[in-house]
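Protein chains in written order, with my numbering: chain G, 716 to 1011; chain E, 51 to 336; chain H, 51 to 336; chain W, 850 to 1162; chain B, 654 to 966. Think of the CB as a built atom: it goes at the ideal place given N, C-alpha and C, for glycine as much as any other residue.
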Amino acid sequence: ITRGESSHLEGEIVIDGSNTLLPNSALVAELFMWENNQVNISVSGAGTGAGFQQFCRDETDLQNASREINDAEADQCADNGVEWLELEVVLDGLAVMKHPDNDWCDCLTVEELSRMWERGSDVETWADLDDERPDEEWPDEEIAFYGRDAASGTYDYFTEQINGAVGNIRDDFSGSPDTNNIIRGVRGNRHAVGFGGAGYYYENEDDVDLVAIDNGNGCVEPERETIEAETYQPLSRPMYLYVRMGALAREEFRAFVRFYLENTQETARDVGFYAVPDETIDSQREKLEDAIAGVT
Amino acid sequence: MTANGEAPRTVSKSAADDQQSTATSVDDGSLGSSRVADPVIESRDLDVYYGDDQALDGIDMTIPERQVTALIGPSGCGKSTFLRSINRMNDLIDIARVDGELSFHGKNVYDEDVDPVALRRKIGMVFQKPNPFPKSIFDNVAYGLRVQDQDENVEQQVRTALERAALLEEVEDQLDSSGLDLSGGQQQRLCIARAIAPDPEVILMDEPASALDPVATSKIEDLVEELAEEYTVVIVTHNMQQAARISDKTAVFLTGGHLVEFDDTDKIFENPESDRVEDYITGKFG
Amino acid sequence: MTANGEAPRTVSKSAADDQQSTATSVDDGSLGSSRVADPVIESRDLDVYYGDDQALDGIDMTIPERQVTALIGPSGCGKSTFLRSINRMNDLIDIARVDGELSFHGKNVYDEDVDPVALRRKIGMVFQKPNPFPKSIFDNVAYGLRVQDQDENVEQQVRTALERAALLEEVEDQLDSSGLDLSGGQQQRLCIARAIAPDPEVILMDEPASALDPVATSKIEDLVEELAEEYTVVIVTHNMQQAARISDKTAVFLTGGHLVEFDDTDKIFENPESDRVEDYITGKFG
Amino acid sequence: MSSEPIDLSRSGNDVGTIGDRVARYVFFACAFVTVATTVAIIAVLVEGAIDFFSAVSIVEYLTGTNWSPRAADDPSFGVLPLVWGTLMITVGAALIAVPVGTLTAIYLSEYASPRVRSVVKPVLEILAGIPTIVYGFFAISFITPILQGLGGRVPLLPEPGTFNAAAAAIVVGIMIIPMVSSISEDAMSSVPDSLRNAAYGLGATKFEVSTQVVLPASLSGIVAAYILAVSRAIGETMAVALAAGALPQLTRNPFEEIQTMTAYMVEIGTGDASVGSIGYQSLFAIGLTLFVMTFLMNIFSMWVRSRYREEYQ
Amino acid sequence: MSTPPTTDDSGFEFDESAVRRKRRLGKLFLGLCGTATLVGIVALVALLVDVVVEAWGWLTWEFLTYPPSQIVEHYDPSNYGDLPTGPGGLYPAIVGSIYLIVLTAIFTLFLGVGAAIYLEEYAPDNRLTRFIEANITNLAGVPSIVYGLLGLAVFVRALQTGASLIAGALTLTLLILPIVIVQSQESLRAVPDSMRQASYGTGATKWQTIRNVVLPEAVPGIMTGIILSLSRAIGETAPILMVGAATTMFTPPELTDPTGPFSAMPMQIFEWAKLPDGDFQHVAAAGIVVLLTVLLLMNAVAIYIRNAYDPRG
Ligand SMILES: Nc1ncnc2c1ncn2[C@@H]1O[C@H](COP(=O)(O)OP(=O)(O)OP(=O)(O)O)[C@@H](O)[C@H]1O
Ligand SMILES: Nc1ncnc2c1ncn2[C@@H]1O[C@H](COP(=O)(O)OP(=O)(O)OP(=O)(O)O)[C@@H](O)[C@H]1O
Ligand SMILES: [Mg+2]
Ligand SMILES: [Mg+2]
Ligand SMILES: O=P([O-])([O-])[O-]
């Protein structure tokens, strides 16, 4: 490494938590490293839940989270005297994907999605869905369902938004910890459907197609404009960075978190997320500076 | 401790006396094969090499039918090598190479068209250490019958073979138990039964009693003498008393893979032609 | 082929004649230990068991100083077992168990307070198969010196030991090359050098020449006779001529772990008390 | 020399003897680490599993046919689909590795020249040393496309999905070939030549010697190799996590997606389940189940070995 | 008795059709065995070719010497010229893996050889010893992911080492310990008893005998076993995944402070494979090539040691 020697900052920063948010934090860390090569940053992806366990035991400095901290976790943090600051750093869109040769289904309503995915769903073939669309004839072929695994925040969010409760989902979908596997699954079967981070779609546009979502306001595809303007509903969500207040006493750590907020809008787009609006970023900055002022 | 004290017990040999006159010492180079009544195996100028090392050097020998021929000599002189070259077991040693001629009933066994597997069906073998298969006693004896497709009336043949090997009485009730559960001496008799079951013509034995205790040894010796009534037996031994006791003919190999003397056993032990043989037999070395 | 033909060459033995009268046959039960000039090792009613099998049964023997005592007998009669019980090598066999007394200079080596390691430093051992370490010739001989912390002047001690073992001349230039590169006979002399380097009192040898060719054997035999000028030598051999040639005393063990006769070597080979010993020695069995 | 009394006692200054005793305890401690490891594994697994089984009945766990522990409103905890998935992979892998490995062992032990053997054996052993994650990629990028290419074209072969048990079983089978072949080859080579000679002496052909003498005589070693290979297949993780998919289901079709116990553990271990949730605790229940399964295999293997130990020396 | 029982005087019929039939069968069987051997070799070649083809063009010197990047263009050599930062690579994970293996090697050497010495040289033949040996055999069959759980619970949590280099190394040590012990035992057992006897016979103590005679003889075998086990450990993903190896590090961990976070090659490869951009599959393949190279080098060293010290020459 031949750059970043000029920086006087040095130290060690440990980031853990969500697998989903990991690429964004890793990219911010990467950029920061090139300017401050004496700061040693490690980014791990134990998952949001496991990450909070460590975070609340004072073992990590920053926690990537694809959901907000829950009560049990907050209690644990309190028990261990870990104070934290929640920063909203990126927006994620969940895309519903289909095979490129699927020319019958371009858009689904939230109700249809719910019928397809809910626990005990009676939808087995595409033809089971076309009764609400009298002038269309969908093939009588079995649908293959792909999605993120039950251990992911993505799964929690999708099931809650579409089917009304976390974990309310049909038994026979294939839940994968790796969104690439979902893409592979959908790509391999003309009758497949899958959900996963929208960023993965844009990296694989040749292999899979999007299904637009109709939330009562017409069909909307997850694109930068629709998500950043929050018109792609209900499958867009914010993701969070939890900052351990105690660590803000360290100069290199403060520098890194500031750097994070400065860069996250750009890095988000590089790794398949969407930028939070400028106003949000500004308010997060204020939150951070207040907190720093409180600590130092 | 001399051979006199333990003169070969040739009384039980039917053919022993007739053969007496056919004795030939290879030391003088005359090869009296024509004078031997029924030569089964004849070797002519047989050399065997392991890689570059010569283990046998120009062996000429004529082994008579239905007699016991003993091969003696110090360790490493090539006795086992000669024995193995009779039924082409040397084929199994990668680096072994054979020159010269070894014929069985007049047919050179090293000819192109001889299948060693077929040859070994005529020439059975018993090894130094008893080596029963880890199978039942019955299956051990039946093995040869089965691979040779002689599978009619196996039961009867197995019993006959065990009988001839003087083992039947001892194992009659346990034919299904493992051959490995027998004592060393019994194991060796089992191996003999296994070798004779498919009814070969010749039986080769490589120090069959050297791993056994004296009692088991004497049983094997008795057996060898009996076998010679029906089979041609070639036996390697390092025990000179043993050779003197059981054999009709004795071949003395000495270091370097030379056959120094081959004659009637009585002659060899009482009045050998070669001084080196005399030295060897009287224990001056070896 | 009789012992007469190869009378023991006792001429080189200084003490041989004096000892003649101390001969004792254990067959008659009289234990003449007091009559032996300098008993180094005495065993009294020694039994050794391997698990439930008894390998030695009530051995009484008195081994005199600076002489060669030979142990002979058929295979499995317990010769090696007796030898190993002298320096407690049997301790290394889990299932071995010793009853009775074996004393070294009057001290029972099986007493609680005896350290077998200390004992073995007084009683060296040479084994049947030459077993040099895969180290240099020098390190082989120096090994005993080093483990016994006799590391002053190692170089000189190594040379002396090699000299005494009649090997120095042959290996003088290659002390750094591996002991494994030597011939079998040289290896065995190397093992002897290794055993005598730390200057023990007694040397036990278990068939030290049985794996060797005749020439190497005779070198070892000469060496044994010379060693007896300085050391007490106990040697197991299965070769009766060898026992007759080199030993002063001979103990004959027979099957079952019994010591059947123990006497001057001449006596044993010319006129043994026991018929069984006579049978054994004249080759009636074994 | 003999007149002076000799000292044969254990003298205190004999460093050797003291070092000897110290060494003994140190080495014993090393060996005991393995016992401690087993105790720790059991303790860790049981502790987590107790929490799990206080919420889930063991009967439901062992007999249920549906595994969706993280479903919020109506979770079900039937482990059978996961066990079934594991068995499919194991049986499939064994179907490949056992015949291929055994025949390879016979070739190496009985037919190949020492030169060939000394090259081929270590080369094959590389297969067992390749990281399992690599096999996962190999399955996805190489085996599955081949299967998909065959599917539909070859009669009776259904169209395989992107993730399917067959591809995973094939790579696991390849991975354990050397366990079967090497250990069996060792067993066959240790059959003494005297047995081969005995058979040749009776006029047996090489084929007969190999199949009727060497093979039966080394059977216990060969069976032990099978069991070892099978337990490795049971515990195989990354390859199946990548290639077999993540859908716990009881299907008879090997071209469908399944999930194994190990793959589920990876899913939970890398996922977002919060520690203490029932989903997270299920990790230990599955781990315990897996441990018990491989434990039983090992007991079986030891039994086979002691029962059928080769008796020749 | 006067006429031979089986022979006819016309000569001897050697060519039996039965034998010829069996020989044909034998040839068929040999073909089968040879084919089976080829299956393993072909699979290995296919796997290597598949990976190398995927990695072609992506494996550069920079790939070995730079930290990873989240942006796939950074790995493409054609872009190296105009990057805002530096090229992407595997460097911290390579160093992490090497440190991990060094620590594992140190722990394993002491524990494994110590345990083997105890079991072979000291242990009496009693129940405890048999129990320890059976336990070791059993541990060798426990799936690696279970060791991951153990490491997580015992080292990371109970002993508070965190997801650190030392936790990873200790977990891998426990994982390979049973294999190392068994192989070391075999090497010790292969030292002929005559060597020990020679040493005891010269008055050496047990420890002197072990140190001066037994160990030097057994070292090649022990080293081979340890290296082969380590080459397995270096590719293990599941346990370090469970222990919580870092997915992204920009600097290598410090060997002087093994309590810090670390990343390792299999972990990094696994992460790359999960990233959205399809080209990351090439990056992962390049990582696999590096990992396999390290692994094959370790195997080669082991084979070299085995052959160089092979008593048969
Ligand atoms: N398989 C082999 N490979 C190489 N050399 C061999 C082989 N078998 C025997 N030899 C060599 O051939 C020579 C003769 O050996 P052979 O076994 O025939 O002797 P022997 O007379 O039977 O000796 P012994 O009484 O010890 O059995 C010896 O020098 C031996 O080293
Ligand atoms: N380690 C052992 N374990 C069990 N039994 C043994 C052991 N060593 C020897 N024996 C038995 O003890 C008896 C005596 O054996 P020993 O080795 O002392 O005989 P030997 O006279 O030296 O025979 P050989 O001439 O064959 O060397 C034999 O029956 C033998 O089987
Ligand atoms: Mg021989
Ligand atoms: Mg002995
Ligand atoms: O890894 P997750 O962000 O889906 O929890």
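- A direct Cα-Cα distance of roughly 16 Å separates T131/E from T112/E.
- Three or more Cβ pairs closer than 8 Å define a contact, and the segment 914–922 of chain B meets that threshold against the segment 880–899 of chain B.
- Secondary structure note for E945/G: it is in no beta strand (DSSP E), with a DSSP letter that is neither H nor E.
- Close partners of G126/H in chain E (Cβ separation under 8 Å): D263.
- Taking non-hydrogen atoms of ligand 3 into account, the C-beta of V286/E is found less than 8 Å away from one of them.
- Only those residues of the segment 157–183 of chain H whose C-beta falls short of 7 Å from the nearest C-beta of chain B are listed: V167, R170, R171, G174, M175, F177, K179, N181, F183.
- The Cβ atoms of L881/B and P919/B lie no closer than 9 Å to each other.
- At a cut-off of 8 Å, the beta-carbon of S1131/W does not count as near ligand 2: no heavy atom of the ligand is closer than that.
- Around the CB of G123/E, 16 or more other CB atoms lie within 10 Å, so the residue is classed as buried.
- Counting only residues of its own chain and dropping the five nearest sequence neighbours on each side, E726/B has a CB closer than 6 Å to the CB of N732.
- Using a cutoff of 8 Å, the CB of D256/H counts as near ligand 4, since one of the ligand's heavy atoms is closer than that.
- DSSP places M175/E inside the beta strand (DSSP E), whose first and last residues are 173–176.
- Listed along chain G, the residues sitting closer than 7 Å to A899/B by beta-carbon distance are S757, V758, S759.
- In this structure, ligand 1 has no non-hydrogen atom nearer than 8 Å to the beta-carbon of K859/B.
- Rounded to whole angstroms, the Cβ separation of G684/B and P720/B is 52 Å, and the two are not in contact under 8 Å.
- Membership of P918/W in any alpha helix (DSSP H) is not indicated, and neither H nor E is assigned to it by DSSP.
- The segment 786–804 of chain B makes no contact with the segment 871–880 of chain B: fewer than 3 CB pairs, one atom from each, lie closer than 8 Å.
- The DSSP-derived three-state label of C934/G is strand.
- At a cut-off of 9 Å between beta-carbon atoms, T912/W makes no contact with chain B.
- Shown here for R147/H: same chain residues with a beta carbon closer than 6 Å to its own, the five before and five after excluded, namely Y99 in chain order.
- Exclusion of K179/E from the 8 Å shell around ligand 3 follows from its C-beta lying no nearer than that to any non-hydrogen atom of the ligand.
- Taking 4 residues as the shortest admissible run, the segment 242–273 of chain H contains no complete alpha helix (DSSP H) segment at all.
- Distances taken from the Cβ of F303/H to the heavy atoms of ligand 2 include one shorter than 8 Å.
- With at least 16 other beta carbons inside 10 angstroms of its own, L217/E counts as buried.
- In terms of Cβ geometry, A247/E and T282/E do not form a close pair [threshold 9 Å].
- Runs of the alpha helix (DSSP H) lying entirely within the segment 713–786 of chain B and spanning at least 4 residues, in chain order: 714–718, 744–770.
- Annotated as proximal: L825/B and T757/B, with beta-carbon spacing under 9 Å.
- For E92/E, the three-state secondary structure derived from DSSP is strand.
- Counting the other CB atoms within 10 Å of its CB gives F784/B a total below 16, which places it among the exposed residues.
- Contact check for C241/H against P182/H passes: the beta carbons are separated by less than 9 Å.
- By a beta-carbon distance limit of 8 Å, F910/G contacts V811/G. Their separation comes to about 5 Å.
- With fewer than three CB-CB distances shorter than 8 Å, the segment 919–928 of chain G does not count as touching the segment 744–751 of chain G.
- Of all residues in the segment 236–261 of chain H, only C241, R244, A245, A247, P248, P250, L254 place a beta-carbon less than 9 Å from a beta-carbon of chain B.
- Put simply, the backbone Cα of E966/G is about 11 Å away from that of R973/G.
- CA-CA distance, L753/B to L950/B, rounds to 17 Å.
- Closer than 9 Å to the CB of G998/W there is not a single CB belonging to chain B.
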